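Undergrad: Sequence order for the protein chains is A and B. Using my numbering, the first residue of the first sequence is number 399, and each one after it goes up by one. Using my numbering, the first residue of the second sequence is number 679, and each one after it goes up by one. Sharing a structure, written as structure tokens. Questions coming.
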Amino acid sequence: MLATSAPTSPYTVPSPSEAQTTERAIVIAAQRGSDDAFSALVRIHQRRAYAIVRAIVLSHEDAEDAVQEGFLHAHRALDRFRPDQPFGAWLYRIMANAALDLVRRRKVRVAEELPETIPMPFRDPAESGELRERLQEALTRLTDRQRAVIVMHDVEGFTHGEIGRTLGIPEGTARSDLHHARAALRRLLQNLRSTS
Amino acid sequence: MTDNRWTSGDAELTNALRAIYAAPMEESYWDALESRILAHIARGDDTTSWWSELAEMARPGLAAAAALILAASLALVHSRQLEVSSAYAAVISAAPSTIEPASRAASVGDGDAAIHVLISR
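Shown next as structure tokens:
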């Protein structure tokens, strides 16, 4: 059983130089059943995992749910992971799938519910301004994958290759999705920008 | 591809995107999320243990069923072969009896000839 309080783990987040070898050791320890090791993996990867799922889902709350689901799937599948592979790439693929799955389930639920009960997207209290509001609305008009690609690229700084590996699509498709997403955003925001 | 790049005016859009998708900065938030993730895993593993055990049992069960089907198929094929070979053996062993009526007919024919000789006398 995993300990649910984070700060008791003996593992510390490694520096970038030693991260690769240290992480491999942590992964192997986690595969042997060490809960502390798995907690360390959560601590190392949760921010990046959040960024990936946040790019796919529409709200902060859904991103938290998807991260939790993603780590649960990863924990269950850990014995099938080969430690000679990069753990991050494997984990982020699981995260992206968890987020896409959540988006699909939300769509089914929203289709079944009355419009009044659709949950509103998370809004930072600091969020204001017409551009931001229109942009949020425009982002919902993109396909799930286009939205994920543009956010992962422009906000999180992922390369096309990283986006492709994470979302399970060819690099060229990621590039093309980015192009189409930008074109769609430009089109959707054209009126606003021409009047401002 | 020129359209694949934001123009300088799009920097405003990028900034807006970053503001919308900005991850929480507070360290306490990440500590809390980590605890929630670990709690979720602990709960999830508990609630799903019965079906994961069932799934684990299903795998050897399927293998046993496949082995049973294979054994039954082999037995069926073997019994068919036995049936065919015994039928073949029966045909071979029955062959003299099929000749018998002909010899009997021959003997009957001989008898008729004898009777014919006797009558003709």
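The C-beta atom is built at its ideal place from N, Cα and C for all residues, glycine as well. Bear in mind the structure is a predicted one, so any value in this text is a computation, not a measurement.
Scan the region 703-722 of chain B for residues whose Cβ lies nearer than 8 Å to a Cβ of chain A and list them as they occur along the chain.
TA: Correct list: W708, D709, L711, E712, S713, R714, I715, L716, A717, H718, I719, A720 and G722.
Undergrad: In chain B, which residues lie less than 8 Å from S437 of chain A when you measure between Cβ atoms?
TA: E712 and L716, listed in chain order.
Undergrad: Taking the C-alpha atoms as reference points, what is the distance between A423 of chain A and L476 of chain A?
TA: One C-alpha to the other measures close to 14 Å.
Undergrad: Counting only beta-carbon separations shorter than 8 Å, does A701 of chain B have a partner in chain A?
TA: Interface residue, yes.
Undergrad: Which of the three DSSP states is assigned to Q347 of chain A in this structure?
TA: Within the shown structure, residues of chain A are numbered from 399 to 594, placing residue 347 of chain A beyond reach of any answer.
Undergrad: Buried or exposed: which applies to D433 of chain A, given that a residue is buried once 16 or more other Cβ atoms fall within 10 Å of its Cβ?
TA: Buried, because 16 or more other Cβ atoms sit within 10 Å of the Cβ of D433 of chain A.
Undergrad: By the criterion of Cβ-Cβ separation under 7 Å, what are the contact partners of Q466 of chain A in chain B?
TA: Those are R714, I715 and H718, listed as they occur along chain B.
Undergrad: Just checking: is the beta-carbon of E528 of chain A within a distance shorter than 8 Å of some beta-carbon in chain B?
TA: No, no contact with chain B.
Undergrad: So, are the CB atoms of A494 of chain A and I454 of chain A less than 8 Å apart?
TA: It is a contact, given that the beta carbons lie within the stated cut-off.
Undergrad: Rounded to the nearest angstrom, how far is the Cβ of A472 of chain A from that of V451 of chain A, given a contact under 8 Å?
TA: Contact flag wrong, Cβ pair sits at about 13 Å.
Undergrad: Closer than 8 Å, CB to CB, is A697 of chain B near chain A or not?
TA: Cβ-Cβ to chain A under 8 Å: yes for A697 of chain B.
Undergrad: What three-state label does DSSP hand D709 of chain B in the structure shown?
TA: Helix, per DSSP.
Undergrad: Starting from E761 of chain B, find everything on chain A with Cβ-Cβ shorter than 9 Å and list it in chain order.
TA: The contacting residues do not exist; E761 of chain B stays about 48 Å from chain A at best.
Undergrad: Determine, for E462 of chain A, whether the minimum Cβ-Cβ distance to residues of chain B falls below 8 Å.
TA: With 8 Å as the cut-off, E462 of chain A counts as an interface residue toward chain B.
Undergrad: Using 8 Å as the Cβ pair cut-off and three pairs as the minimum, do the region 703-719 of chain B and the region 564-578 of chain A touch?
TA: The region 703-719 of chain B is not in contact with the region 564-578 of chain A.
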